[in-house]
Amino acid sequence: MSGERLRVCVIGSGGREHALAVALARTADVVVNPGNAGMAALGVSCSVGEPEAVEADLYLIGPEGPLVDGLADRLRAAGRSVFGPGADGARLEGSKAWMKQVLASAGVPTAAYGSFDQPGPALDFLRSLPSPWVVKTDGLAAGKGVLVTGDLDEAASDVVAKLSGASFGAAGRRVVIEEGLSGRELSLMAVCDGHRAVALAPAQDFKRAGDGDTGNNTGGMGAYSPVPGVGDDLVNEVMDGAVLPTLAALRERGIDYRGVLYAGIMLTADGPKVLEFNVRFADPETQVVLPRWDGDVASVLAAAAAGRLDSVDAPRFTPNASVPVVLAAPGYPEAPRTGEVIDGFAAASEIEGIQLFAAGVGKAPGGGGLVTSGGRVLAVGATGPSLTAARKQVYDAVPVLSWPDVKYRTDIAAEAARREVNA
Ligand code: AMP
Ligand code: GLY
1323 MSGERLRVCV IGSGGREHAL AVALARTADV VVNPGNAGMA ALGVSCSVGE PEAVEADLYL
1383 IGPEGPLVDG LADRLRAAGR SVFGPGADGA RLEGSKAWMK QVLASAGVPT AAYGSFDQPG
1443 PALDFLRSLP SPWVVKTDGL AAGKGVLVTG DLDEAASDVV AKLSGASFGA AGRRVVIEEG
1503 LSGRELSLMA VCDGHRAVAL APAQDFKRAG DGDTGNNTGG MGAYSPVPGV GDDLVNEVMD
1563 GAVLPTLAAL RERGIDYRGV LYAGIMLTAD GPKVLEFNVR FADPETQVVL PRWDGDVASV
1623 LAAAAAGRLD SVDAPRFTPN ASVPVVLAAP GYPEAPRTGE VIDGFAAASE IEGIQLFAAG
1683 VGKAPGGGGL VTSGGRVLAV GATGPSLTAA RKQVYDAVPV LSWPDVKYRT DIAAEAARRE
1743 VNA
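Quick note: the sequence shown uses our numbering, first residue 1323, plus one each step.
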């Protein structure tokens, strides 16, 4: 039988790639390149070296960096089948100013904005806007390049620091300044084949470092799915009003976009608006959405890579609720301290119903145990009949894991669980 299974190479090393590997492995043989020591310890096959050297039927590129750098183009040029956009489509995430232009041309609802590379006009525009002020690096900044603040002086200093290159290097030498929106946020990922797109289950993530949405923006500290109150109508509205028009606008520019379009949405009083598009699976939303995907994930992604989403059934999702909580290194996101021994990894992985998603997990020098090797170290996830049940399972398991000054939020999915109980 195994000769007939699709061989998939997942490129990346984080919790998202771990979750993809687990979901794909239901029907495919999976290698993660390069992966990390934590997923390897949990039985995921990892390979170091160039991705081209891995023999596979399908290559799935996880992170935005290699997509923006054209890894998908290089693999396609070598005759490989790839799930992930080329550098042309990945520019949506690589340049927020370009993304805003594409959204405007496609008529997609989004915040009013200006884009600047000089402080004078940038500060004039900033001061013309009401609170809150939103300042974004044009280029990639690992989810940390966005400042939202009610303090105009802080926003102005941020503009100057970004444009000078002091805070984010080249990524900040152009900034996008936006109208501040308010509302609940939603992450919606769509699998695209160049022409068609199918939605995955919506999720919510938690971007701020601290409880109660305090502290700096991070790559994401936890997530949950499904999102109470968000049903098919809203998903269809985002697909028809944002995802499909964007795909069409890309096609008009000659871009054959095959991969995930992941919309960050704000549910405003005027309807859903796009905060941003990313060109990849979301992290940590993938860790809650993929466990709910009921079916053959590998076939759907392979069909999208081949431009043939019409040849497979649309993804279906179990009604189960899923929650992961990210455990981070002390000092994350500003200056994570790594190299600490991780205690309880094996014990936590053996708890019934608990899934670990390893991200910044490395091998101790000398081949000992596992150590922290990144800002977001791992996520503890569970899937259950309700958000309340899943989050209880997760938070019961979290204390089993530890390293000095481990940092995590205690309120992931708390409010949604309350809404669920009162519904
Ligand atoms: P982004 O990376 O563009 O999604 O921004 C990161 C986070 O900043 C979002 O998840 C929002 O919480 C916040 N944000 C971004 N743009 C805006 C905006 N125009 N108004 C209010 N908050 C925003
Ligand atoms: N969850 C935030 C991101 O993947 O960018």
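Glycine residues also receive a C-beta, built at the ideal position from the N, C-alpha and C atoms.
Model, not experiment: these values are computed from the prediction.
Look at D1515 and A1428 and say whether their C-beta atoms are less than 8 Å apart.
No; because the gap between Cβ atoms is not below 8 Å, this pair is not in contact.
Quick check on the DSSP output: the alpha helix (DSSP H) that includes A1624 runs from which residue to which?
Per DSSP, A1624 belongs to the alpha helix (DSSP H) from V1619 to A1627.
What's the C-alpha gap between G1534 and A1585?
Distance between the alpha carbons of G1534 and A1585: 23 Å.
Can you tell which of V1728, L1414 and V1456 has its C-alpha closest to the C-alpha of A1434?
Among V1728, L1414 and V1456, the Cα nearest to that of A1434 is on V1456.
First through last residue of the beta strand (DSSP E) which encompasses N1558
Residue range D1554 to V1560 is occupied by the alpha helix (DSSP H) that includes N1558, with no beta strand (DSSP E) assigned at that position.
Residues near R1630 in its chain [Cβ-Cβ closer than 8 Å; skip 5 each side]:
Same-chain partners within the cutoff: D1515.
Which residue marks the beginning of the alpha helix (DSSP H) containing F1679, and which one marks its end?
Per DSSP, F1679 belongs to no alpha helix (DSSP H); it is in the beta strand (DSSP E), I1676 to A1680.
For the alpha helix (DSSP H) holding L1612, just list the boundary residues, first then last.
Taken as a continuous stretch (DSSP letters only), L1612 belongs to no alpha helix (DSSP H), as it is neither H nor E.
What residue from S1644, L1451 and I1587 has the CA that sits closest to V1276's CA?
Absent from the model: residue 1276. The displayed extent of the chain is 1323 to 1745, so no value can be given.
Enclosing beta strand (DSSP E) for K1714 [first to last residue]
Annotation: K1714 is outside any beta strand (DSSP E); the continuous alpha helix (DSSP H) that includes it extends over L1709 to A1719.
Below 7 Å, is the gap between the Cβ of A1426 and the nearest heavy atom of the ligand AMP?
No; taking the cut-off as 7 Å, the Cβ of A1426 has no heavy atom of the ligand AMP nearer than that.
With H, G and I counted as helix, E and B as strand and the rest as coil, what does DSSP make of L1364?
L1364 carries a coil assignment under DSSP once its states are collapsed to helix, strand and coil.
May I ask you to check if the CB of E1500 is nearer than 7 Å to at least one heavy atom of the ligand AMP?
Answer for E1500: yes, Cβ within range of the ligand AMP.
Which residue's Cα is closest to the Cα of E1507: G1491, Q1526 and V1520?
Of the candidates G1491, Q1526 and V1520, the one whose C-alpha sits nearest the C-alpha of E1507 is Q1526.
How long is the line joining the alpha carbons of L1649 and A1657, rounded to whole angstroms?
Straight across, the Cα-Cα distance linking L1649 with A1657 is about 15 Å.
Within 8 Å, strictly: CB atoms of L1612 and A1341
Taking 8 Å as the Cβ cut-off, L1612 and A1341 qualify as a contacting pair.
Sort V1481, E1501, A1426 and G1691 by Cα distance to A1493 and report the nearest one.
Comparing Cα positions, the closest option is V1481.
Among V1693, A1378 and A1651, which one has its Cα closest to the Cα of A1746?
For the chain, the structure presents residues 1323 to 1745; residue 1746 sits outside this window and is missing.
V1601 beta carbon less than 8 Å from that of L1414
Yes. Within cutoff.
Exposed or buried, V1370, counting other C-beta atoms within 10 Å across all chains shown (16 or more means buried)?
Around the CB of V1370, fewer than 16 other CB atoms lie within 10 Å, so the residue is classed as exposed.
Using 10 angstroms around the beta-carbon of Q1440, count the other beta-carbons present and answer buried if the total reaches 16, otherwise exposed.
Flag for Q1440 reads exposed.
Cβ-heavy atom distance, A1394 to the ligand GLY, below 7 Å:
Not so, every heavy atom of the ligand GLY lies at least 7 Å from the Cβ.
Buried or exposed: where does N1744 fall if 16 or more other Cβ atoms within 10 Å of its Cβ makes it buried?
Looking at its Cβ environment, which holds fewer than 16 other Cβ atoms inside 10 Å, N1744 is exposed.
Local conformation of W1725 per DSSP, three classes:
Judged by DSSP in its simplified three-state form, W1725 adopts coil rather than helix or strand.
Whole-angstrom distance between M1511 and L1566, CA atom to CA atom
L1566 and M1511: Cα-Cα distance of roughly 12 Å.
Extent of the continuous alpha helix (DSSP H) run through A1650
Per DSSP, A1650 belongs to no alpha helix (DSSP H); it is in the beta strand (DSSP E), A1643 to A1650.
With a 10 Å radius around its C-beta and 16 neighbouring C-beta atoms as the bar for buried, classify T1536 as buried or exposed.
T1536 counts as exposed, since fewer than 16 other C-beta atoms from the protein chains shown sit within 10 angstroms of its C-beta.
Distance, L1425 Cα to N1355 Cα:
One alpha carbon belongs to N1355, the other to L1425, and they sit about 33 Å apart.
Using the three-state DSSP reduction, which class does D1351 fall into: helix, strand or coil?
Residue state, collapsed to three classes: strand.
Any heavy atom of the ligand GLY inside 7 Å of the beta-carbon of N1539?
No, the ligand GLY has no heavy atom inside 7 Å of this Cβ.
When burial is assigned at 16 or more other CB atoms within 10 Å of the CB, is G1544 buried or exposed?
That one is buried.
Check whether the Cβ atoms of G1691 and I1664 sit closer than 8 Å, and answer yes or no.
Their beta carbons are under 8 Å apart, which means G1691 touches I1664 by this criterion.
Is N1358 helix, strand or coil by DSSP?
The answer is coil: DSSP assigns N1358 none of H, G, I, E or B.
Could you tell me the boundaries of the beta strand (DSSP E) in which V1596 lies?
Bounds of the beta strand (DSSP E) holding V1596 are G1593 to N1600.
Would R1402 be called buried (16 or more neighbouring beta carbons within 10 Å of its own) or exposed?
With 16 or more other Cβ atoms within 10 Å, it is buried.
Are the CB atoms of G1653 and R1659 nearer to each other than 8 Å?
Against a cut-off of 8 Å, the Cβ pair of R1659 and G1653 comes out as a contact.
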